[in-house]
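The block underneath contains the structure these notes are about, expressed in structure tokens.
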Amino acid sequence: MSDERMEVIVVGGGLAGLSAAYTMARAGMEVLLIERGSYCGAKNVTGGKLCADVLKKLIPSFEEELPVERRLIREQAYAWSGSAVSETGLDVRALQATKYGDAYSVLRAKLDQWLCEKAEEEGVMVINNITVTGLLIEDGKVCGVMAGDERMEAGLVILADGANSLLAQQAGLGTPPEPGTTCVGVKEVIQLGEETVNSRFGLAGDEGVEYMYLGDRSAGNYADGFIYTNRDSVSVGIEFLIGDIDKTDKAVPELLEEFKELPAVAELIEGGTLLEYSAHIVHHGGSSKLGRLCGDGVLIAGDAAGLVANYGFTIRGMDLAVESGILAAETAIALRESGDYSAEALSAYQQAVEASGIFRELRRCEEYMNETHGGV
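FYI, full-length UniProt numbering numbers position 137 of the sequence shown as 137, with every residue one higher than the one before it.
And the structure:
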């Protein structure tokens with residue numbers, strides 16, 4: 001590999017990286033994707049909702065084969081104050097800037113592996129179990145990556161390695177996470193059985209629901225909670241600002257248990273079996289804190305770029321990751337003939353993001369958080 005120069009190296013096998021790799025490979029570009037997990041999706045975490053409209057642009061026939069759990073027919077918001085839960089009547093979709101059609105509950109291990117297979121079918125070379133430890137920089141330009149002692153050279157590097165990307169920081173891109181703009185999400189997947197899920201949530205067939213629980217900070221509830229129905233399990237979790245963790249004397253596992261023990265939640269998960277526990281950092285700086293997305297020879301996309309609209313009770317991240325990956329790929333494709341991957345040429349990507357639904361969603365999210373939480 002050290003003797004071979006690729007056209008593009010993508011770091012990170014999540015939705016942003018895979019979408020970029022797939023799009024470029026379809027256009028005939030030579031793409032290497034490097035994933036530190038044992039497979040794409042092994043280390044990726046989500047609450048559970050995918051707004052699927054953008055996938056029609058990526059893979060028009062996706063509905064016939066997308067490995068989803070359930071189609072979400074209800075998105076219900078509750079107020080969580082102390083040990084009490086009450087309905088809010090909040091119209092969740094109306095709050096968001098970019099409207100979407102069908103939304104699905106998903107499990108990332110399945111979804112990301114499916115998209116990885118699609119990318120490989122188009123010719124993307126995927127290597128797993130490799131950690132990129134640094135960027136190759138010559139004369140101020142990124143020209144590849146380092147994986148331990150191994151050099152891997154490329155004309156363009158796309159960083160899609162998730163929140164708190166040290167590689168993006170090395171490139172001087174993005175916005176470093178701050179306590180007031182960074183959340184920690186923790187989630188459990190609890191097996192219930194398909195019939196039990198349908199019975200407890202009033203569902204039939206492939207129908208699913210999203211329940212959101214807005215924590216009342218004046219009552220000491222600094223976390224927001226969520227439940228997503230999967231085919232035969234539920235995803236249950238909380239998220240909270242890192243800056244709020246010193247306002248409570250409870251550890252993270254205790255906060256999650258506190259949420260699960262709410263009577264309104266406990267009755268939904270009673271008798272279930274724990275299948276999975278995961279945690280994830282979510283950056284939500286909003287549009288005003290969007291940093292530089294490109295440098296000489298390098299772009300950043302998805303979580304690595306902070307392209308997440310975190311409303312607290314619900315997060316738009318997966319569809320924004322896919323869209324940013326597509327925009328990054330389209331920029332690379334447009335510049336391929338000239339081979340000019342300078343920061344000036346790649347600035348077309350930053351302009352595309354700022355003109356897209358991604359930026360509108362980030363701006364609306366920031367407005368909402370300013371109105372309800374005193375800022376992001």
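Yeah, the Cβ is synthetic: ideal placement off N, Cα and C, and Gly gets one too. Here the structure is a predicted model, which means the values were calculated and not measured.
Using the Cα positions of residue 346 and residue 272, report the straight-line distance between them to the nearest angstrom. Straight through space, the alpha carbons of residue 272 and residue 346 are spaced by roughly 49 Å.
Counting C-beta neighbours from all protein chains within 10 Å, is the total for residue 224 16 or more, i.e. buried, or is it exposed? Burial state of residue 224 is buried, judged by a 10 Å Cβ sphere holding 16 or more other Cβ atoms.
Any contact of the region 65 to 81 with the region 44 to 55, i.e. 3+ C-beta pairs under 8 Å? The answer is yes - the region 44 to 55 touches the region 65 to 81, with three or more Cβ pairs under 8 Å.
Within the continuous beta strand (DSSP E) that includes residue 224, where are the two ends? Where residue 224 is concerned, the enclosing beta strand (DSSP E) stretches over 224 to 229.
Just how far apart, CA to CA, sit residue 21 and residue 128? Distance between the alpha carbons of residue 21 and residue 128 is about 15 Å.
Spell out a yes or no on whether the region 241 to 248 and the region 257 to 274 are touching, meaning 3 or more CB-CB pairs, one atom from each, closer than 8 Å. No contact exists between the region 241 to 248 and the region 257 to 274.
For the alpha helix (DSSP H) holding residue 277, just list the boundary residues, first then last. Per DSSP, residue 277 belongs to no alpha helix (DSSP H); it is in the beta strand (DSSP E), 273 to 283.
Own chain, CB closer than 7 Å to residue 288, minus 5 neighbours either side, in chain order: Here the set comprises 366.
On a Cα-Cα basis, can you pick out the residue from 185, 252, 133 and 205 that is closest to residue 227? Ranked by how close their Cα comes to the Cα of residue 227, the residues 185, 252, 133 and 205 have 185 in first place.
May I ask you to report which of helix, strand or coil DSSP gives residue 1? A caution first: residue 1 carries a pLDDT of 47, below 50, which makes its placement in the model too unreliable to give a value.
Can you tell which of 81, 334, 208 and 340 has the C-alpha that lies nearest to the C-alpha of residue 28? With distances taken between CA atoms, residue 28 lies nearest to 334 out of 81, 334, 208 and 340.
Leaving out the 5 sequence neighbours to the left and right, which residues in its chain are closer than 7 Å to residue 232 when beta-carbon positions are compared? Setting aside the 5 residues that flank it on each side, residue 232 is surrounded in the same chain by 191, 192, 193, 194 and 197, each with a C-beta closer than 7 Å to its C-beta; the list follows chain order.
N- and C-terminal bounds of the beta strand (DSSP E) containing residue 342: Going by DSSP, residue 342 is part of no beta strand (DSSP E) at all; its letter is neither H nor E.
Check residue 62 in the structure and name its three-state DSSP category. Residue state for residue 62 is assigned as helix, using DSSP reduced to three classes.
Do you know offhand how far residue 425's Cα is from residue 298's? Lying outside 1 to 376, the shown extent of the chain, residue 425 is not represented and no answer is given.
Residue 10 - DSSP class collapsed to helix/strand/coil: Here residue 10 sits in strand by DSSP.
Return the first residue and the last residue of the beta strand (DSSP E) that residue 85 is part of. Run containing residue 85: 84 to 87, per the beta strand (DSSP E) assignment.
The alpha helix (DSSP H) enclosing residue 267, as first and last residue numbers: 263 to 269 is the span of the alpha helix (DSSP H), which, as asked, contains residue 267.
Tell me which same chain residues have a C-beta within less than 6 Å of the C-beta of residue 277, skipping the five on either side of it? These residues qualify, in order along the chain: 188.
If we count Cβ pairs, one from each stretch, closer than 8 Å, do we get three or more for the region 25 to 43 versus the region 165 to 179? When C-beta atoms of the region 25 to 43 are compared with those of the region 165 to 179, fewer than three pairs fall below 8 Å, so the two segments do not count as touching.
Residue 290 to residue 317 span [Cα, whole Å]: Cα to Cα, the separation comes out at about 15 Å.
Which of the three DSSP states is assigned to residue 54 in this structure? Helix.
Are the CB atoms of residue 302 and residue 14 nearer to each other than 8 Å? Closer than 8 Å, so yes.
Measuring only from the beta carbon, is residue 103 closer than 7 Å to any heavy atom that is part of the ligand ATP? With respect to the ligand ATP, the structure offers nothing, as it holds no ligand at all.
If you follow the alpha helix (DSSP H) that residue 324 is part of, which residue opens it and which one closes it? Looking at the DSSP string, the run of the alpha helix (DSSP H) that includes residue 324 is 318 to 335.
Give the single residue among 257, 136, 130 and 6 whose Cα lies nearest to the Cα of residue 35. Among 257, 136, 130 and 6, the Cα nearest to that of residue 35 belongs to 130.
Can you look up residue 238 in the DSSP assignment and give me helix, strand or coil? In the three-state reduction of the DSSP assignment, residue 238 falls in the strand class.
Starting from residue 183, trace the beta strand (DSSP E) both ways and give me its first and last residue. First-last of the beta strand (DSSP E) with residue 183: 182 to 191.
CB contact check: residue 328 to chain D, cutoff 8 Å: Any reference to chain D falls outside this structure, which holds one protein chain only.
Does the region 176 to 185 touch the region 335 to 354, meaning 3 or more C-beta pairs lie closer than 8 Å? No: the two stretches stay apart, fewer than three of their Cβ pairs being nearer than 8 Å.
At what residue ranges does the region 132 to 183 contain a whole run of the beta strand (DSSP E), taking only runs of 3 or more? Within the region 132 to 183, the complete beta strand (DSSP E) runs of at least 3 residues are 134 to 138, 141 to 147 and 150 to 159.
What residue range is occupied by the uninterrupted alpha helix (DSSP H) comprising residue 199? Looking at the DSSP string, the run of the alpha helix (DSSP H) that includes residue 199 is 194 to 201.
Write down the C-beta distance between residue 171 and residue 12 rounded to the nearest angstrom, noting that I regard them as a contact closer than 8 Å. Actually they are not in contact, since the Cβ atoms of residue 171 and residue 12 sit about 14 Å apart, beyond 8 Å.
Limits of the beta strand (DSSP E) - the one that residue 74 falls within: It spans 70 to 81 - the beta strand (DSSP E) in which residue 74 sits, taken as one unbroken run.
Would you call the region 205 to 215 in contact with the region 75 to 88, where contact means no fewer than 3 C-beta pairs closer than 8 Å? Judged by Cβ distances under 8 Å, the region 205 to 215 makes contact with the region 75 to 88, as three or more pairs qualify.
Can you find the residues in the same chain that come closer than 6 Å, C-beta to C-beta, to residue 86, ignoring five residues on each side of it along the sequence? Once the five neighbours on either side are set aside, the close Cβ partners of residue 86 are 79.
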